[in-house]
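In the working numbering, the protein residues as written are 369 to 631. Read the structure below first, then the notes.
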(Lines of atoms letter the chains of each structure in order from A and count residues from 1; the text may use other names and numbers.)
(Lines give C-alpha, C1' and ligand atoms only; values in the text may rest on other atoms or scores of the structure.)
Protein backbone atom coordinates (compact mmCIF):
# COMPACT_ATOMS: atom_id res chain seq x y z
CA UNK A 1 0.00 0.00 0.00
CA UNK A 2 1.39 3.41 -0.99
CA UNK A 3 0.85 6.72 0.76
CA UNK A 4 -0.04 9.46 -1.76
CA UNK A 5 2.14 12.55 -1.84
CA UNK A 6 1.10 15.23 0.62
CA UNK A 7 -0.88 12.98 2.97
CA UNK A 8 -0.22 11.00 6.11
CA UNK A 9 -1.24 7.52 7.10
CA UNK A 10 -4.95 6.92 6.66
CA UNK A 11 -6.92 4.42 8.76
CA UNK A 12 -7.04 2.07 5.76
CA UNK A 13 -3.26 2.25 5.38
CA UNK A 14 -2.74 1.54 9.07
CA UNK A 15 -5.06 -1.46 8.74
CA UNK A 16 -3.07 -2.59 5.71
CA UNK A 17 0.09 -2.47 7.86
CA UNK A 18 -1.64 -4.54 10.54
CA UNK A 19 -2.78 -7.13 7.98
CA UNK A 20 0.25 -7.33 5.66
CA UNK A 21 3.09 -6.17 7.90
CA UNK A 22 4.35 -3.16 5.94
CA UNK A 23 3.42 0.14 4.34
CA UNK A 24 5.18 1.94 1.48
CA UNK A 25 5.79 5.65 2.12
CA UNK A 26 6.50 7.47 -1.12
CA UNK A 27 8.20 10.90 -1.07
CA UNK A 28 9.29 10.23 2.51
CA UNK A 29 12.36 12.38 1.84
CA UNK A 30 13.53 14.41 -1.14
CA UNK A 31 15.35 13.30 -4.27
CA UNK A 32 18.11 15.86 -3.75
CA UNK A 33 18.73 14.46 -0.28
CA UNK A 34 18.83 10.93 -1.71
CA UNK A 35 21.46 12.07 -4.23
CA UNK A 36 23.58 13.66 -1.49
CA UNK A 37 23.44 10.43 0.49
CA UNK A 38 24.42 8.36 -2.55
CA UNK A 39 27.40 10.63 -3.16
CA UNK A 40 28.59 10.09 0.41
CA UNK A 41 28.26 6.34 0.02
CA UNK A 42 30.17 6.34 -3.28
CA UNK A 43 32.97 8.20 -1.52
CA UNK A 44 32.98 5.76 1.38
CA UNK A 45 33.29 2.83 -1.01
CA UNK A 46 36.04 4.48 -3.06
CA UNK A 47 33.99 3.80 -6.18
CA UNK A 48 32.29 5.92 -8.82
CA UNK A 49 29.05 5.83 -10.77
CA UNK A 50 30.94 6.35 -14.05
CA UNK A 51 33.47 3.52 -13.60
CA UNK A 52 31.43 0.29 -13.70
CA UNK A 53 34.51 -1.84 -14.42
CA UNK A 54 35.47 -1.29 -10.77
CA UNK A 55 32.19 -2.79 -9.54
CA UNK A 56 33.67 -6.22 -8.92
CA UNK A 57 31.69 -7.37 -5.88
CA UNK A 58 27.96 -8.18 -5.78
CA UNK A 59 27.49 -6.25 -2.52
CA UNK A 60 29.47 -3.70 -0.54
CA UNK A 61 28.37 -3.05 3.03
CA UNK A 62 28.63 0.30 4.77
CA UNK A 63 27.85 0.53 8.49
CA UNK A 64 26.33 3.48 10.26
CA UNK A 65 26.06 6.99 8.77
CA UNK A 66 25.26 9.92 11.06
CA UNK A 67 26.15 12.82 8.79
CA UNK A 68 23.53 15.59 8.41
CA UNK A 69 22.13 14.21 5.12
CA UNK A 70 21.33 10.81 6.60
CA UNK A 71 19.91 12.22 9.83
CA UNK A 72 17.69 14.52 7.77
CA UNK A 73 16.44 11.66 5.59
CA UNK A 74 15.39 9.69 8.66
CA UNK A 75 13.60 12.56 10.39
CA UNK A 76 11.30 14.29 7.92
CA UNK A 77 7.91 15.47 9.23
CA UNK A 78 6.28 12.90 6.95
CA UNK A 79 8.21 10.05 8.55
CA UNK A 80 7.73 11.33 12.09
CA UNK A 81 3.98 11.35 11.52
CA UNK A 82 4.15 7.81 10.17
CA UNK A 83 6.24 6.64 13.15
CA UNK A 84 3.58 8.11 15.45
CA UNK A 85 0.82 6.36 13.50
CA UNK A 86 2.38 2.90 13.71
CA UNK A 87 4.36 2.90 16.98
CA UNK A 88 2.59 5.55 19.05
CA UNK A 89 3.47 9.13 19.87
CA UNK A 90 6.37 9.33 22.33
CA UNK A 91 7.17 5.60 22.04
CA UNK A 92 10.07 5.81 19.56
CA UNK A 93 13.48 7.48 19.44
CA UNK A 94 14.33 9.90 16.64
CA UNK A 95 17.04 8.23 14.51
CA UNK A 96 20.45 9.85 14.82
CA UNK A 97 21.45 8.50 11.42
CA UNK A 98 20.93 5.43 9.26
CA UNK A 99 22.53 2.03 8.66
CA UNK A 100 23.38 -0.55 7.61
CA UNK A 101 23.76 -0.18 3.84
CA UNK A 102 23.94 -3.33 1.68
CA UNK A 103 24.81 -1.65 -1.63
CA UNK A 104 24.13 -4.17 -4.38
CA UNK A 105 25.80 -4.14 -7.79
CA UNK A 106 24.84 -5.89 -11.03
CA UNK A 107 26.65 -9.21 -10.82
CA UNK A 108 26.52 -12.89 -11.74
CA UNK A 109 28.37 -13.73 -8.51
CA UNK A 110 26.41 -14.87 -5.48
CA UNK A 111 26.70 -12.69 -2.38
CA UNK A 112 25.56 -15.63 -0.24
CA UNK A 113 23.26 -13.45 1.85
CA UNK A 114 19.84 -13.89 0.30
CA UNK A 115 18.17 -16.21 2.81
CA UNK A 116 14.80 -15.48 4.38
CA UNK A 117 15.01 -14.04 7.90
CA UNK A 118 13.63 -11.72 10.54
CA UNK A 119 15.75 -9.05 12.20
CA UNK A 120 16.23 -9.98 15.85
CA UNK A 121 16.58 -7.15 18.32
CA UNK A 122 18.33 -8.03 21.59
CA UNK A 123 20.97 -10.30 23.02
CA UNK A 124 23.41 -8.87 20.49
CA UNK A 125 26.25 -8.96 23.02
CA UNK A 126 26.51 -12.69 22.29
CA UNK A 127 29.38 -13.29 19.81
CA UNK A 128 27.28 -15.98 18.09
CA UNK A 129 24.76 -13.93 16.09
CA UNK A 130 22.52 -17.01 15.73
CA UNK A 131 21.91 -16.63 19.49
CA UNK A 132 20.56 -13.09 19.10
CA UNK A 133 16.91 -12.92 20.11
CA UNK A 134 13.44 -11.52 19.55
CA UNK A 135 10.39 -11.78 21.78
CA UNK A 136 6.67 -11.43 21.29
CA UNK A 137 6.75 -7.90 22.75
CA UNK A 138 9.37 -6.87 20.17
CA UNK A 139 11.78 -5.64 22.83
CA UNK A 140 14.49 -3.46 21.33
CA UNK A 141 12.84 -2.75 17.98
CA UNK A 142 9.79 -0.66 17.09
CA UNK A 143 9.97 -1.07 13.29
CA UNK A 144 12.11 -2.49 10.53
CA UNK A 145 12.69 0.22 7.89
CA UNK A 146 13.91 0.09 4.29
CA UNK A 147 15.16 3.43 2.94
CA UNK A 148 15.63 3.62 -0.85
CA UNK A 149 18.33 6.04 -2.08
CA UNK A 150 18.24 4.97 -5.73
CA UNK A 151 15.62 3.86 -8.21
CA UNK A 152 14.74 0.26 -7.38
CA UNK A 153 12.81 -1.69 -9.98
CA UNK A 154 12.03 -5.43 -10.11
CA UNK A 155 15.48 -6.22 -11.58
CA UNK A 156 17.45 -4.01 -9.15
CA UNK A 157 17.64 -6.43 -6.20
CA UNK A 158 14.55 -5.18 -4.34
CA UNK A 159 14.08 -6.70 -0.91
CA UNK A 160 11.61 -9.57 -1.02
CA UNK A 161 8.83 -9.44 1.57
CA UNK A 162 6.54 -12.26 2.68
CA UNK A 163 3.21 -10.50 3.16
CA UNK A 164 1.51 -11.35 6.43
CA UNK A 165 4.49 -13.35 7.72
CA UNK A 166 4.70 -11.13 10.80
CA UNK A 167 1.57 -12.80 12.15
CA UNK A 168 3.08 -16.28 11.85
CA UNK A 169 6.28 -15.17 13.59
CA UNK A 170 4.27 -13.55 16.40
CA UNK A 171 2.51 -16.85 17.07
CA UNK A 172 5.83 -18.70 17.00
CA UNK A 173 7.38 -16.26 19.49
CA UNK A 174 4.47 -16.40 21.94
CA UNK A 175 5.50 -19.60 23.80
CA UNK A 176 8.98 -18.20 24.46
CA UNK A 177 7.65 -15.30 26.53
CA UNK A 178 9.80 -12.34 27.51
CA UNK A 179 13.05 -14.31 27.14
CA UNK A 180 12.31 -14.72 23.46
CA UNK A 181 13.63 -17.07 20.79
CA UNK A 182 17.03 -17.09 19.17
CA UNK A 183 17.63 -16.55 15.47
CA UNK A 184 18.64 -20.22 15.36
CA UNK A 185 15.27 -21.26 16.75
CA UNK A 186 13.30 -18.93 14.51
CA UNK A 187 15.10 -19.88 11.32
CA UNK A 188 14.37 -23.61 11.49
CA UNK A 189 13.80 -25.01 7.99
CA UNK A 190 14.34 -21.58 6.42
CA UNK A 191 11.08 -20.12 7.77
CA UNK A 192 9.04 -22.86 6.11
CA UNK A 193 5.99 -21.79 8.11
CA UNK A 194 5.80 -18.62 5.98
CA UNK A 195 6.67 -20.07 2.58
CA UNK A 196 3.06 -19.89 1.34
CA UNK A 197 2.91 -16.11 1.91
CA UNK A 198 2.52 -13.89 -1.15
CA UNK A 199 5.80 -12.14 -2.03
CA UNK A 200 5.98 -8.36 -2.44
CA UNK A 201 9.00 -6.46 -3.75
CA UNK A 202 10.33 -3.29 -2.07
CA UNK A 203 10.54 -1.22 -5.26
CA UNK A 204 10.31 2.54 -5.60
CA UNK A 205 11.91 5.85 -6.44
CA UNK A 206 14.64 7.51 -4.38
CA UNK A 207 13.06 8.87 -1.22
CA UNK A 208 10.75 5.88 -0.73
CA UNK A 209 10.67 4.21 2.69
CA UNK A 210 9.07 0.92 3.62
CA UNK A 211 7.95 0.81 7.25
CA UNK A 212 7.73 -2.82 8.28
CA UNK A 213 6.54 -4.77 11.30
CA UNK A 214 9.54 -6.01 13.33
CA UNK A 215 8.52 -9.65 12.73
CA UNK A 216 8.24 -9.41 8.93
CA UNK A 217 10.11 -12.17 7.09
CA UNK A 218 12.18 -10.75 4.24
CA UNK A 219 15.18 -11.55 2.05
CA UNK A 220 17.71 -10.02 -0.30
CA UNK A 221 18.14 -11.17 -3.88
CA UNK A 222 20.74 -10.85 -6.67
CA UNK A 223 20.95 -7.71 -8.81
CA UNK A 224 19.99 -8.28 -12.46
CA UNK A 225 19.72 -4.63 -13.48
CA UNK A 226 22.28 -2.09 -14.67
CA UNK A 227 22.70 0.51 -11.91
CA UNK A 228 23.70 -0.11 -8.27
CA UNK A 229 20.97 -0.24 -5.66
CA UNK A 230 21.44 2.02 -2.63
CA UNK A 231 19.35 1.12 0.39
CA UNK A 232 19.53 1.33 4.20
CA UNK A 233 17.84 -1.12 6.55
CA UNK A 234 17.83 0.47 10.02
CA UNK A 235 15.57 -0.25 12.97
CA UNK A 236 13.35 2.34 14.55
CA UNK A 237 14.23 2.04 18.22
CA UNK A 238 11.60 2.17 20.98
CA UNK A 239 11.81 4.75 23.74
CA UNK A 240 10.30 2.41 26.32
CA UNK A 241 9.50 -1.20 27.05
CA UNK A 242 5.99 -2.46 26.40
CA UNK A 243 3.52 -0.66 28.67
CA UNK A 244 0.09 -2.33 28.99
CA UNK A 245 -1.30 0.88 30.47
CA UNK A 246 -1.03 2.59 27.08
CA UNK A 247 -3.43 2.08 24.19
CA UNK A 248 -2.01 -0.60 21.87
CA UNK A 249 -0.19 0.66 18.80
CA UNK A 250 -0.78 -0.87 15.35
CA UNK A 251 2.46 -2.84 15.82
CA UNK A 252 1.02 -4.32 19.02
CA UNK A 253 -2.46 -4.79 17.54
CA UNK A 254 -0.96 -6.91 14.75
CA UNK A 255 0.72 -9.13 17.37
CA UNK A 256 -2.39 -9.31 19.50
CA UNK A 257 -4.60 -10.21 16.52
CA UNK A 258 -2.17 -12.91 15.40
CA UNK A 259 -1.98 -14.50 18.85
CA UNK A 260 -5.56 -14.00 19.90
CA UNK A 261 -4.30 -12.33 23.08
CA UNK A 262 -4.17 -9.00 24.84
CA UNK A 263 -0.49 -8.15 25.33
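In this text, a Cβ means the ideal position worked out from N, Cα and C, and glycines have one as well.
What's the call for residue 464, buried or exposed, on a 16-neighbour Cβ count within 10 Å? exposed
Test item: CB-CB of residue 559 and residue 585 under 8 Å: yes
Just reading off the beta strand (DSSP E) that residue 579 is part of, what are its end residues? 577-580
Going by beta carbon distance, what residues of the same chain come within less than 7 Å of residue 374, once the five residues before and after it are set aside? With a pLDDT of 43 at residue 374, under the threshold of 50, the modelled position of this residue cannot be trusted, and the question is left open.
What is the rounded straight-line gap between the Cα of residue 424 and the Cα of residue 466? 25 Å
Indicate the three-state DSSP secondary structure (helix, strand or coil) for residue 624 in the structure shown. helix
Who pairs with residue 599 in a beta bridge, going by DSSP? 516
Paired residues, beta bridge with residue 509 - DSSP: None, per the DSSP bridge assignment.
If we call anything under 8 Å between Cβ atoms a contact, is residue 509 one with residue 616? no
Same chain, Cβ closer than 6 Å to residue 492, five either side skipped, listed in chain order: 500
Could you tell me which uninterrupted alpha helix (DSSP H) segments, each at least 4 residues in length, are contained entirely in the region 421-451, listed from first to last along the chain? 436-442
When the Cα of residue 519 is compared with those of 549, 595, 583, which residue comes out closest? 595
Run the CB neighbour count on residue 378, radius 10 Å, all protein chains shown included, and call it buried at 16 or more, exposed below. exposed
Looking at the strands, I want to know which residues DSSP matches up with residue 390. 580
Run of the beta strand (DSSP E) containing residue 472, from where it starts to where it stops: 469-472
If we count the other Cβ atoms within 10 Å of its Cβ and call it buried at 16 or more, is residue 470 buried or exposed? buried
Strictly by DSSP, which residues pair up with residue 550? 501
Candidates 412, 426, 580, of which the one nearest residue 435 by Cα: 412
Mind checking whether residue 427 and residue 623 have CB atoms under 8 Å apart? no
Report buried or exposed for residue 358, applying the criterion of at least 16 other Cβ atoms within 10 angstroms of its Cβ. Nothing can be reported for residue 358, as the shown portion of the chain is limited to 369 through 631.
Report yes if the CB atom of residue 589 is closer than 8 Å to the CB atom of residue 528, and no otherwise. yes
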